[in-house]
Ligand code: ATP
């Protein structure tokens, strides 16, 4: 399943040169994007980068200033929201407080004129899907936040849309419930075969649920790819820094053999694969950096002093200051029971990592 690698695959959604302006302000800037059937697609980016605007244009609640949006090969320019095979689940859930859970879920079906028996069967089906069980006769104020989230999801799935838009659907849930619900969402997405587009500012959530992630910045998509490549092969300092933790060191690159050497400071030259020259940023993820008492046999080995330790249970992050003043973080997985810290504040340590762990990013 990788239709984005298949030039012949038909997209479900296609943005062509889409710009959205609010007065003088450009919220979306000449954006091109294809989303394929059955994808779980995540839009990720900081507040104000245009994620919601993009979703609202898909749903038909905003019209592009320029460019076209096609769904299933059809231009959406003159198609109102209720005529699109699209449903949107809002951040606020927007449930009717005076209606029961069942009636909330049935609302759209009833308005569409579906007859009572079919409606009941469909409501039962989606309630089972989101595990709402015996809550059908309760009102929204008589159920928990997590359950309200399920009702909203059930309601948005009831009409079996081709495309479901989810704007921060799990934003109101606590961390544990949120993580559980992520897996349920993935399961529902898979069993229904609905294309999901989710907006989130939580990078871990995007990486967990999505088949592909688009990282946005100021109305543009800066990288779109599978989560593994977004994380392991970010195309810019912006993406590397936005997704996960990363060490960033500025320096000058020169070609050496088949790889690159980046001179970061006097006596600190770091290697990476690929080609680059001139001013660059050298990046390495903390979990790819090992920490030891002795010089490691890795292509990159630097000595420094522990200045900070973060113990996270499953892992620990050591902040190590090099003689040049740079601070490099090394994260170690605590795979065995940790009785005491492997290293302490002020300890002199070595950091090491391979050449393939290093990334050279243009500034
Ligand atoms: P958040 O994560 O905070 O929800 P977002 O990435 O979803 O942010 P949008 O809501 O799409 O961002 O907004 C993008 C930009 O467009 C923001 O700077 C916002 O102020 C602006 N904007 C959105 N809607 C309007 C509007 N109706 N009129 C004027 N400006 C708007």
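In this note's numbering, the protein residues as written are 1493 to 1855.
Even glycine gets a Cβ: it sits at the ideal position worked out from N, Cα and C.
Query: For the alpha helix (DSSP H) containing residue 1769, list its first residue and its last residue.; Result: No alpha helix (DSSP H) holds residue 1769; DSSP gives it neither H nor E.
Query: Please report the straight-line C-alpha distance between residue 1544 and residue 1659, rounded to a whole angstrom.; Result: 7 Å
Query: Near residue 1548, what residues of its chain come up, given a Cβ to Cβ distance below 6 Å and the 5 sequence neighbours on each side ignored?; Result: 1554
Query: Grab the span of the alpha helix (DSSP H) containing residue 1680 for me, first residue to last.; Result: 1667-1684
Query: Throw me the rounded Cβ distance for the residue 1842 and residue 1780 pair, which I believe falls under 8 Å.; Result: That pair is no contact at about 15 Å.
Query: Leaving aside the five residues before and after residue 1806 along the sequence, list all residues of the same chain whose C-beta is less than 8 Å from its C-beta, in chain order.; Result: 1825 and 1826
Query: Quick one: what does DSSP say residue 1810 is sitting in, helix, strand or coil?; Result: strand
Query: With hydrogens ignored, establish whether the beta-carbon of residue 1519 is closer than 7 Å to any heavy atom of ligand 1.; Result: yes
Query: Would you call the region 1646-1661 and the region 1627-1636 in contact, with 3 or more CB pairs under 8 Å?; Result: no
Query: Measure the C-alpha to C-alpha separation of residue 1585 and residue 1699 and round it to an integer number of angstroms.; Result: 23 Å
Query: Can you confirm whether the region 1566-1583 touches the region 1640-1657 when touching is taken to mean that 3 or more C-beta pairs between the two stretches lie within less than 8 Å?; Result: yes
Query: When the Cβ atoms of the region 1691-1711 are set against those of the region 1665-1681, are three or more pairs found closer than 8 Å?; Result: yes
Query: By Cβ distance below 6 Å, which residues in the same chain neighbour residue 1787 in space, the five residues on each side in sequence not counted?; Result: 1793 and 1842
Query: Do the region 1741-1750 and the region 1770-1779 touch if we need at least three Cβ pairs shorter than 8 Å?; Result: yes
Query: For residue 1601, does the three-state DSSP call read helix, strand or coil?; Result: helix
Query: Using beta-carbon positions only, say whether residue 1572 and residue 1552 come within less than 8 Å of one another.; Result: yes
Query: Classify residue 1642 as buried or exposed, calling it buried when 16 or more other Cβ atoms lie within 10 Å of its own Cβ.; Result: buried
Query: Hey, how far is the Cα of residue 1675 from the Cα of residue 1796?; Result: 41 Å
Query: Should the region 1751-1766 be regarded as contacting the region 1812-1822, the criterion being three or more beta carbon pairs within less than 8 Å?; Result: yes
Query: Out of curiosity, what's the CA-to-CA distance linking residue 1799 and residue 1832?; Result: 17 Å
Query: Would you report the Cα separation of residue 1647 and residue 1617, rounded to the nearest angstrom?; Result: 11 Å
Query: Compute the Euclidean distance between the alpha carbons of residue 1856 and residue 1527, then round it to the nearest angstrom.; Result: Nothing can be reported for residue 1856: it is not among the residues displayed for the chain, which extend from 1493 to 1855.
Query: Check whether the Cβ of residue 1691 lies closer than 7 Å to any heavy atom of ligand 1, and answer yes or no.; Result: yes
Query: I need the straight-line Cα distance from residue 1539 to residue 1609, nearest angstrom please.; Result: 44 Å
Query: To the nearest angstrom, how far is the alpha carbon of residue 1835 from that of residue 1803?; Result: 12 Å
Query: Can residue 1537 be considered in contact with ligand 1, in the sense that its beta carbon sits closer than 7 Å to one or more heavy atoms?; Result: yes
Query: Name the two residues that bound the continuous beta strand (DSSP E) containing residue 1544.; Result: Residue 1544 -> not in any beta strand (DSSP E); alpha helix (DSSP H) instead, spanning 1543-1551.
Query: Distance check for residue 1809 and residue 1495, CA to CA, integer angstroms please.; Result: 38 Å
Query: Given this structure, state the Cα-to-Cα distance separating residue 1637 from residue 1689, to the nearest angstrom.; Result: 22 Å
Query: Would you say residue 1728 and residue 1714 are within 8 Å of each other, going by their C-beta atoms?; Result: yes
Query: Leaving out five residues on either side along the sequence, give the residues of the same chain with a beta carbon under 6 Å from the beta carbon of residue 1737.; Result: 1778
Query: How big is the Cα-Cα spacing for residue 1619 and residue 1686?; Result: 17 Å
Query: Tell me whether residue 1514 counts as near ligand 1, meaning its Cβ is closer than 7 Å to at least one heavy atom of that ligand.; Result: yes
Query: Where does the unbroken beta strand (DSSP E) through residue 1800 begin, and where does it stop?; Result: 1792-1803
Query: Do residue 1622 and residue 1645 come within 8 Å of each other at the CB atom, strictly closer than that value?; Result: yes
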